[in-house]
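Comments concern the structure below.
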Amino acid sequence: MEAEIRSADVSFFLYEKIENMKEIKEFLMKGELKAAVVNPELVYNIDVLLFASHKSLYSLKYSQLKTKTIFTELLYNLSPTRSIRDSLTMFGAQDDGTTALFIVFGKEDGESANSLKTCIKGCLAPIDSLMNLRNLSKIKKVYKISDEINDEEAIYNYLVTKVASKEVLL
Numbered sequence: 000m001e002a003e004i005r006s007a008d009v010s011f012f013l014y015e016k017i018e019n020m021k022e023i024k025e026f027l028m029k030g031e032l033k034a035a036v037v038n039p040e041l042v043y044n045i046d047v048l049l050f051a052s053h054k055s056l057y058s059l060k061y062s063q064l065k066t067k068t069i070f071t072e073l074l075y076n077l078s079p080t081r082s083i084r085d086s087l088t089m090f091g092a093q094d095d096g097t098t099a100l101f102i103v104f105g106k107e108d109g110e111s112a113n114s115l116k117t118c119i120k121g122c123l124a125p126i127d128s129l130m131n132l133r134n135l136s137k138i139k140k141v142y143k144i145s146d147e148i149n150d151e152e153a154i155y156n157y158l159v160t161k162v163a164s165k166e167v168l169l
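Numbering that gives the first Met the number 0 applies: residue 0 is where the sequence shown begins, and numbers increase by one.
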């Protein structure tokens, strides 16, 4: 799969009212679904997600993946820890989840979107609604951000720094 990615394009698809999350996880495990599935509660904003996505593409390009696929690499890059298992558990698809963000790498020719539609029993939602799904208290807990810090820009800068310097700081 990774050899097929010939561009730095990243596409985001937000689905709500998902009825078959366990089945989706099975598709992922079998490699039948070529996407990263992210818990939207832990996504502060689309910029942090883009940054982690491009870091994953860079790791793929230079054969430096810490995980088995670019999809799990994205989850790993979003996580503040070096534990791959914790990254997948925390940032990946939740068994009881009804909302998820699907990330597809490579040129978007409609095939990926159609592939998602056939696998997901849910409703495609506007990506702009992602901000309404985040859980700031969970984000602060996961990234160990003080409750006193409430400035949007300060939180954003902290998260980008954490993602960018993960390998150096831990």
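Using N, Cα and C, we set each Cβ at its ideal position, and we do this for glycine too.
In whole angstroms, what is the alpha-carbon distance linking residue i and residue j?
i    : j    : result
L129 : F90  : 15 Å
I102 : E147 : 32 Å
V159 : V47  : 6 Å
G30  : K116 : 16 Å
S114 : K120 : 12 Å
F26  : S78  : 23 Å
Just reading off the alpha helix (DSSP H) that residue i is part of, what are its end residues?
i    : result
S128 : First-last for S128: undefined, no H or E at that position.
E25  : M20 to K29
L87  : I83 to F90
Is it right to say residue i is buried, meaning 16 or more other beta carbons lie within 10 angstroms of its own, or is it exposed?
i    : result
N76  : buried
S111 : buried
K33  : buried
G105 : buried
T80  : exposed
The beta strand (DSSP E) with residue i in it runs from where to where?
i    : result
Y14  : V9 to E15
L100 : A99 to F104
V37  : A35 to V37
Check this for me: beta carbons of residue i and residue j, under 8 Å apart or not?
i   : j   : result
A51 : L73 : yes
Tell me whether the stretch 133-141 and the stretch 33-49 touch, counting them as touching only if at least three CB pairs, one residue from each stretch, are closer than 8 Å. yes
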